[in-house]
Amino acid sequence: MDRQTEISGRLNGNFTAQGFGPISGVFSARGASGTILLTDESSREIARSPSVRLRAGNDSTFALFHVIIGNRFHWERRENQIFEGDLVLQSREDETIAAINEIPIEDYLKSVISSEMSGTAPPEFLKVHAILSRSWLLAALGQKEYGREETEPPGEVFEKQGEIIRWYDREEHGLYDVCADDHCQRYQGITKIVSAEAEKAVRETRGMVIAYEGTICDARYSKACGGLTEDFGSAWDERRVPYLSSIPDALVSHHVIKTEDEAIRWILSEPEAYCNVKEPALLEKILPDFDRETTSFFRWRVEYDRQELETILQEKSGIDFGTLEELVPLHRGPSGRISRLKIVGTRKTVIVGKELEIRRWLSPNHLLSSAFIVTAEHDRHGKVERFVFHGAGWGHGVGLCQIGAAVMASRGFKTEEILSHYFPGAALQKMY
Numbered sequence: 011m012d013r014q015t016e017i018s019g020r021l022n023g024n025f026t027a028q029g030f031g032p033i034s035g036v037f038s039a040r041g042a043s044g045t046i047l048l049t050d051e052s053s054r055e056i057a058r059s060p061s062v063r064l065r066a067g068n069d070s071t072f073a074l075f076h077v078i079i080g081n082r083f084h085w086e087r088r089e090n091q092i093f094e095g096d097l098v099l100q101s102r103e104d105e106t107i108a109a110i111n112e113i114p115i116e117d118y119l120k121s122v123i124s125s126e127m128s129g130t131a132p133p134e135f136l137k138v139h140a141i142l143s144r145s146w147l148l149a150a151l152g153q154k155e156y157g158r159e160e161t162e163p164p165g166e167v168f169e170k171q172g173e174i175i176r177w178y179d180r181e182e183h184g185l186y187d188v189c190a191d192d193h194c195q196r197y198q199g200i201t202k203i204v205s206a207e208a209e210k211a212v213r214e215t216r217g218m219v220i221a222y223e224g225t226i227c228d229a230r231y232s233k234a235c236g237g238l239t240e241d242f243g244s245a246w247d248e249r250r251v252p253y254l255s256s257i258p259d260a261l262v263s264h265h266v267i268k269t270e271d272e273a274i275r276w277i278l279s280e281p282e283a284y285c286n287v288k289e290p291a292l293l294e295k296i297l298p299d300f301d302r303e304t305t306s307f308f309r310w311r312v313e314y315d316r317q318e319l320e321t322i323l324q325e326k327s328g329i330d331f332g333t334l335e336e337l338v339p340l341h342r343g344p345s346g347r348i349s350r351l352k353i354v355g356t357r358k359t360v361i362v363g364k365e366l367e368i369r370r371w372l373s374p375n376h377l378l379s380s381a382f383i384v385t386a387e388h389d390r391h392g393k394v395e396r397f398v399f400h401g402a403g404w405g406h407g408v409g410l411c412q413i414g415a416a417v418m419a420s421r422g423f424k425t426e427e428i429l430s431h432y433f434p435g436a437a438l439q440k441m442y
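Here it is, written out as structure tokens:
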């Protein structure tokens, strides 16, 4: 949790802070004049300091109340979460505070693979995810420690007349290494069931990463590619990352999308793909409960009245387009994901990119992906009255397709086979 005016929770077991004896029970923390005021459930002051570290005793855990998960995505909600390890409360200059969980990397990974997907997913998939999540984390920590290359900006926005191109990446979190939500990796402590298989997957892959030419891979993944994964440059800065190139999510070959007609045919089709799965029993086994609420992810449909979409666009972009007339794809990646979209209105015409910004502008939360086609429906006077979106996939589509990989594991593929399928040219490497 970060930039909160107040954080509350419960200390289960014994915690200690510098200068204070054992602490347990309900607590509340507020930012005030550059310090944190920590109180117990009877409002008795426990500590007042710019930073408070609560050290966990043996077998102690802590809960944080009303934690936002899926921030600004369609599954956004609040839940109470339980964590192991130490709790650090840190004040910020704007009198908000951050709650930071300090925990060993391997314990962090047990939670990540049980938060991103389900701890009941096939064991080979859990090992794949443990290796990927470790790779992503160590690559991120390495960039933070040694400095980021100029070709790897943390997230950029380029604006010129009539064009706004923005992408989001791992902005360095000054007070902590990684955040706990989809912006980095889902980390929900021990709130979700950390199965014996998840613990075994982390233990059996301890220290293992995927590497390309000796360097730890910046291992990306998303929920469902829609049949073709996407190139790195379609979602982030435009550079070639060989192991993050578009591949078919199937044993059969699917041709990459090169024209608008090909995109239309692809998105309106139901091609063979690992992530083209509808069996309820399998989805229940591999997906967390809140992800299962999204029942159409391989191919999906959304529609808006014109006025409704005009309102969404103005709220998300801050731009008054007037009467919305047309949405025109200008560039698609090989999976069909749009990276530059022209939005035409009577008052304003703007080109927007990249994929996440497009998804953000065109939905009250986010569209499932930017691999979509749009049909405008007109009234009898020829005026647009409705926009219908048909789309493919869930997420940016780069790297591992989580649902596809889980299905591969359920069909008997081994860890190495799954990794080599999604990350061509990468190899396993043991770091510790």
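Going by our numbering, the sequence shown opens with residue 11, and the numbers climb by one from there. A virtual CB, placed ideally from N, CA and C, is assigned to each residue, including glycine. Predicted model, so just to flag it, every value in this text is computed and none were measured.
C-beta contact flag for residue i and residue j at 8 Å
i	j	result
Gln195	Val77	no
Tyr186	Ile110	yes
Gln28	Arg63	yes
Val354	Glu335	yes
Asn22	Thr71	yes
Ile92	Ile200	yes
Gly346	Ile257	no
Ala221	Ala437	yes
Ile413	Cys285	yes
Lys358	Arg176	no
Identified DSSP bridge partners for residue i
i	result
Thr9	Limits of the chain in this structure are 11 at one end and 442 at the other, which puts residue 9 out of reach.
Lys440	Met218
Asp315	Arg396
His341	Arg350
Thr333	Looking at the DSSP assignment, Thr333 forms no beta bridge with any residue, so it has no partner.
Cys235	DSSP lists no partner for Cys235.
Asn111	Leu97
Val62	Leu99
Leu48	Ala39 and Ala57
Arg88	Ile78
Cys411	Ser232
Glu30	The sequence as given places Phe at residue 30; Glu does not occur at that position. Partner(s): Ala27.
Arg309	Ala402
His388	Val394
Glu16	Arg40
Ile226	Ala221
Gly355	Leu334
Cβ shell of residue i (< 6 Å), same chain only, five flanking positions each side left out
i	result
Val445	It is not possible to answer for residue 445, since the shown part of the chain is limited to 11 through 442.
Gly283	First, the residue type needs correcting, since residue 283 is Ala and not Gly in the sequence shown. Cβ within range, chain order: Gly237, Asp259 and Ala260.
Gly403	Ala234, Cys235, Gly236, Ser379 and Ala381
Gly41	Ser101, Glu105, Thr106 and Ile107
Phe399	Val312, Phe382 and Val384
Leu340	Arg350 and Lys352
Between the CA atoms of residue j and residue i - distance to the nearest angstrom
i	j	result
Pro114	Asp96	10 Å
Val36	Leu323	42 Å
Glu318	Ala386	14 Å
Glu395	Val262	40 Å
Tyr178	Leu366	8 Å
Arg373	Glu294	Arg is not the amino acid found at residue 373; the sequence shown has Ser there. Each residue's alpha carbon lies about 27 Å from the other.
Trp276	Val219	34 Å
Val212	Val360	46 Å
Ile17	Arg87	16 Å
Arg20	Lys288	40 Å
Gly67	Thr26	8 Å
Phe423	Glu126	20 Å
Glu223	Ser145	14 Å
Tyr432	Gly343	17 Å
Thr321	His388	19 Å
Tyr9	Glu94	The chain is shown only over 11 to 442; residue 9 falls outside these bounds and no answer can be derived.
Ser52	Ala39	13 Å
Span of the beta strand (DSSP E), counted from its first residue to its last, around residue i
i	result
Tyr186	Segment: none, Tyr186 is in no beta strand (DSSP E) and carries neither H nor E.
Leu445	This structure gives no information on residue 445, because the portion of the chain shown stretches from 11 to 442.
Gly363	Thr359 to Gly363
Other residues of its chain near residue i: CB distance less than 7 Å, five sequence neighbours each side excluded
i	result
Pro132	Ala416, Ala419 and Ser420
Ala208	Lys120, Ile123, Ser124, Gly129 and Leu136
Lys440	Gly217 and Met218
Pro281	Gly237 and His264
Phe30	Ile56 and Ala57
Val368	According to the sequence shown, residue 368 is Ile rather than Val. Only Ile348, Leu351, Val362 and Ser380 meet the Cβ criterion.
Gly435	Tyr222, Pro252 and Tyr253
Residues near residue i by beta carbon distance below 8 Å, same chain, minus five either side
i	result
Val138	Leu410, Ala415, Ala419, Thr425, Ile428 and Leu429
Leu151	Asp187
Tyr118	Leu147 and Tyr197
Residue-chain proximity (residue i, chain B), Cβ-Cβ < 8 Å
i	result
Val98	In the displayed structure, chain B is absent; only one protein chain is listed.
Limits of the alpha helix (DSSP H) - the one that residue i falls within
i	result
Ile257	No alpha helix (DSSP H) contains Ile257, which DSSP labels as neither H nor E.
Gly407	Per DSSP, Gly407 belongs to no alpha helix (DSSP H) and is neither H nor E.
Asp301	Run containing Asp301: none; DSSP gives neither H nor E here.
Trp276	Glu270 to Ile277
Tyr432	Thr425 to Tyr432
Gly243	Phe242 to Ala245
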